[in-house]
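K.L.:
In our numbering, the protein residues as written are 14 to 599.
Printed below as a string of structure tokens:
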């Protein structure tokens with residue numbers, strides 16, 4: 014199984030050190046012994062398996078896998094250079110060019126210089142961006158940061174450059190020369206200076222004999238298995254149909270593990286201690302891996318550590334016949350992380366159209382998924398259907414979760430609030446627990462309040478609010494481009510909580526969320542979503558975001574729903590319910 018093979022990928026340090034020792038010993042002999050010749054074969058086979066990983070890797074997916082392959086190639090060192098050079102000459106794929114240049118730079122063998130110069134003539138060297146990414150293994154992170162092409166001060170990630178930057182940095186390291194002239198300039202410079210760096214025979218030592226077979230593909234397929242196995246004995250499992258909710262709601266079931274069918278809310282299952290971690294990026298990377306999440310919905314459906322290929326929609330109904338034919342599977346066109354179909358290239362995205370994709374998960378599961386066009390602009394949820402290679406039909410975890418009926422005795426009565434825009438003489442502040450509305454002294458409010466004026470950015474007003482127990486007020490903001498329900502965008506009122514945390518939840522949560530669910534949400538989100546003691550609550554319509562889970566500084570839990578924003582002087586109307594126990598402890 015591919016997952017088992019990948020685990021073995023990182024258990025080969027003994028092979029590497031043995032290979033290094035063999036290189037030194039063989040150089041002292043007139044000719045290699047039969048056992049040394051076998052060692053050569055073993056090392057080259059391993060090199061091809063590792064290059065196979067770089068041939069298909071994606072910068073944003075399964076980072077431990079391809080960074081681990083790079084590190085092992087670097088440990089093998091110079092014996093890997095001929096195959097790396099051959100792959101560099103062969104490929105036009107931008108991400109593979111990145112990986113090969115990074116690896117050759119880290120090995121530091123100047124015999125790679127001619128191939129790196131030739132690579133400057135390839136297309137799409139500016140493709141993508143200089144990518145910052147992360148691995149959990151601290152030693153692997155240190156390795157990637159040591160050899161990254163661009164200087165980085167932030168130690169929480171490493172930089173993975175566009176092909177042009179990775180190649181240019183490799184040439185600079187290996188030649189100690191910076192050539193601004195691109196391919197023509199480097200070609201001319203190398204013709205004049207190559208003898209200063211390489212002997213006359215060294216360039217020939219990386220030239221492999223001609224071959225009529227793709228040995229990298231053969232080695233990789235033998236080790237990892239075909240991308241998509243075929244044969245009479247292989248069947249697609251049953252069709253699973255699932256709705257993925259928009260992940261803009263923190264309690265939405267937006268994340269899916271295709272291998273098990275499980276659905277998750279974002280961060281579901283992380284501990285309260287992890288939620289407060291100073292290294293939250295590590296917490297989230299660990300969560301993605303431990304939960305097995307493969308995709309989530311954020312208007313579009315996005316893959317998480319998925320390898321994706323877009324195929325014609327008609328193949329959804331014929332794929333089983335293709336598998337049974339036993340012929341190698343045509344995987345279609347390589348896709349990015351988004352499960353959206355595209356036209357002539359992956360920048361020509363056909364947003365919100367039916368799309369069909371083959372995929373391989375982080376754990377090695379194969380499948381086919383169709384993402385249906387969005388049916389409801391109010392919720393932004395997306396329906397998908399998928400089938401897994403070889404599944405026996407026992408996957409049941411994606412079935413709807415029974416809804417727990419809310420215990421209304423946990424909650425106080427519903428209250429309705431109306432607050433005016435901030436300004437002198439205006440009632441624009443409120444104590445949530447008592448329901449008292451307040452107008453601060455005119456001396457604390459400028460005669461011409463700026464657009465975003467509130468206690469959130471005025472220390473004197475904030476101090477008065479704390480003394481009076483006011484913890485909710487209004488603020489003027491611009492929400493154009495954010496789904497503003499008002500035509501034209503312009504100014505709109507929003508609520509802002511003082512010393513409060515607020516989480517956007519599904520609109521149905523106001524009438525359905527239980528107190529235990531509310532406690533669990535804030536345990537995993539902690540105070541991370543509050544900004545400087547503020548909690549902003551806006552009414553947005555596309556998709557609808559009007560409902561918020563709230564917790565005050567004293568620990569009072571509640572649900573608040575904005576009902577309307579009246580004309581500019583009319584104010585904002587909302588309703589809310591608080592848990593009976595102010596601390597939320599039951």
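We put the beta carbon where it would ideally sit given N, CA and C, even for glycine. Since this is a predicted model, take the numbers as computed values, not measurements.
Starting from residue 571, follow the beta strand (DSSP E) in both directions and report where the run begins and ends.
P.N.:
Note, residue 571: beta strand (DSSP E), 570-578.
K.L.:
Does the distance from the C-beta atom of residue 395 to that of residue 257 stay below 8 Å?
P.N.:
Cβ atoms of residue 395 and residue 257: closer than 8 Å.
K.L.:
To which residues does DSSP link residue 517 through a beta bridge?
P.N.:
Beta-bridge pairing links residue 517 to 561.
K.L.:
Residues bridged to residue 70 by DSSP?
P.N.:
In DSSP, residue 70 forms no bridge with anything.
K.L.:
At a cut of 8 Å, does the segment 309-328 reach the segment 353-365 through at least three beta carbon pairs?
P.N.:
A contact exists between the segment 309-328 and the segment 353-365.
K.L.:
Residues in its own chain within less than 6 Å of residue 171 by CB, not counting five upstream and five downstream?
P.N.:
Answer for residue 171: 157, 158 and 161, listed in chain order.
K.L.:
Name the two residues that bound the continuous beta strand (DSSP E) containing residue 324.
P.N.:
Its beta strand (DSSP E) spans residues 320-324.
K.L.:
Leaving out five residues on either side along the sequence, give the residues of the same chain with a beta carbon under 7 Å from the beta carbon of residue 215.
P.N.:
Excluding sequence neighbours, residue 215 sits near 124.
K.L.:
Excluding five sequence neighbours on each side, which residues of the same chain lie with their C-beta closer than 8 Å to the C-beta of residue 178?
P.N.:
For residue 178, where only same-chain residues beyond five positions count, the Cβ hits under 8 Å are 143, 162 and 163.
K.L.:
Rounded to the nearest angstrom, what separates residue 556 and residue 425 at their Cα positions?
P.N.:
For residue 556 and residue 425, the distance between alpha carbons rounds to 29 Å.
K.L.:
For residue 442 versus residue 510, is the C-beta spacing smaller than 8 Å?
P.N.:
No. Outside cutoff.
K.L.:
Excluding sequence positions up to five away, which residues of its chain have a Cβ less than 8 Å from the Cβ of residue 634?
P.N.:
Missing from the structure shown is residue 634; the chain here goes from 14 to 599 and no further.
K.L.:
Indicate whether the contact test is met: 3 or more Cβ pairs, each with one atom in the segment 380-399 and one in the segment 321-334, closer than 8 Å.
P.N.:
In short, these stretches touch, since the Cβ pair count reaches three.
K.L.:
Could you say which of 526, 239 and 230 lies nearest to residue 420 if we only look at CA atoms?
P.N.:
Residue 420 has its Cα closest to that of 526, out of 526, 239 and 230.
K.L.:
Leaving out the 5 sequence neighbours to the left and right, which residues in its chain are closer than 8 Å to residue 297 when beta-carbon positions are compared?
P.N.:
Only 280 meet the Cβ criterion.
K.L.:
By the 10 Å Cβ neighbour count, where 16 or more other Cβ atoms means buried, how is residue 206 classified, buried or exposed?
P.N.:
Residue 206 is exposed by the Cβ-count criterion.
K.L.:
Which residue comes first and which comes last in the alpha helix (DSSP H) that contains residue 131?
P.N.:
Note, residue 131: alpha helix (DSSP H), 126-132.
K.L.:
Within 10 angstroms of the Cβ of residue 598, are there 16 or more other Cβ atoms? Answer buried if so, exposed if not.
P.N.:
In this prediction, residue 598 has a pLDDT of 46, which is less than 50 and means its spatial position is unreliable; what the coordinates show is noted afterwards. It is exposed - the Cβ of residue 598 has fewer than 16 other Cβ atoms within 10 Å.
K.L.:
Rounding to the nearest angstrom, what Cα-Cα distance links residue 230 and residue 61 in this structure?
P.N.:
Using only the alpha carbons, I get a separation of about 8 Å.
K.L.:
Helix, strand or coil: how does DSSP classify residue 1 here?
P.N.:
The structure shown does not extend to residue 1, since the chain is modelled only from 14 through 599, so no value can be given for it.
K.L.:
As a quick exercise: from 568, 561, 518 and 243, pick the residue whose alpha carbon is nearest that of residue 266.
P.N.:
Ranking 568, 561, 518 and 243 by Cα distance to residue 266 puts 518 first.
K.L.:
Excluding sequence positions up to five away, which residues of its chain have a Cβ less than 8 Å from the Cβ of residue 586?
P.N.:
Around residue 586: 429, 430, 431, 575, 576, 577, 578 and 579.
K.L.:
Apart from the five residues on each side of it in sequence, which residues of its chain come closer than 7 Å, Cβ to Cβ, to residue 128?
P.N.:
98, 101 and 102, listed in sequence order.
K.L.:
Less than 6 Å between C-beta atoms, sequence neighbours within five positions excluded: which residues of the same chain meet that for residue 528?
P.N.:
So the qualifying residues of the chain are 423 and 592.
K.L.:
What's the gap between the Cα of residue 245 and the Cα of residue 299?
P.N.:
Their backbone Cα atoms lie some 38 Å apart in a straight line.
K.L.:
Quick one: measure Cβ to Cβ for residue 86 and residue 116, integer angstroms, because I've assumed they're closer than 8 Å.
P.N.:
Yes, residue 86 and residue 116 are in contact; Cβ-Cβ is about 5 Å, under 8 Å.
K.L.:
For residue 109, which of helix, strand or coil comes out of DSSP?
P.N.:
The answer is helix: DSSP assigns residue 109 an H, G or I state.
K.L.:
Please list the terminal residues of the continuous alpha helix (DSSP H) segment that includes residue 83.
P.N.:
76-89 is the span of the alpha helix (DSSP H), which, as asked, contains residue 83.
K.L.:
Suppose only complete runs of 3+ residues qualify. What are the beta strand (DSSP E) ranges in the segment 252-303, listed by chain order?
P.N.:
For the segment 252-303, whole beta strand (DSSP E) runs of length 3 or above, ordered along the chain, are 253-257.
K.L.:
Is residue 375 helix, strand or coil by DSSP?
P.N.:
Three-state DSSP puts residue 375 in coil, outside helix and strand.
K.L.:
Check the C-beta distance from residue 176 over to residue 138 and give it rounded, since I have them as a contact under 8 Å.
P.N.:
That pair is a contact at about 4 Å.
K.L.:
Based on the DSSP secondary-structure assignment, which residues constitute the bridge partners of residue 587?
P.N.:
Looking at the DSSP assignment, residue 587 forms a beta bridge with 430 and 575.
K.L.:
If we ignore side chains and look at the alpha-carbon of each, how far apart do residue 335 and residue 342 end up?
P.N.:
Looking at the two C-alpha atoms, the distance is approximately 7 Å.
K.L.:
What does the Cβ neighbour count give for residue 447, buried or exposed, with the cut at 16 atoms within 10 Å?
P.N.:
It counts as exposed.
K.L.:
Give the list of continuous beta strand (DSSP E) stretches no shorter than 3 residues that lie fully inside the segment 151-198.
P.N.:
List check, beta strand (DSSP E) in window: 171-173.
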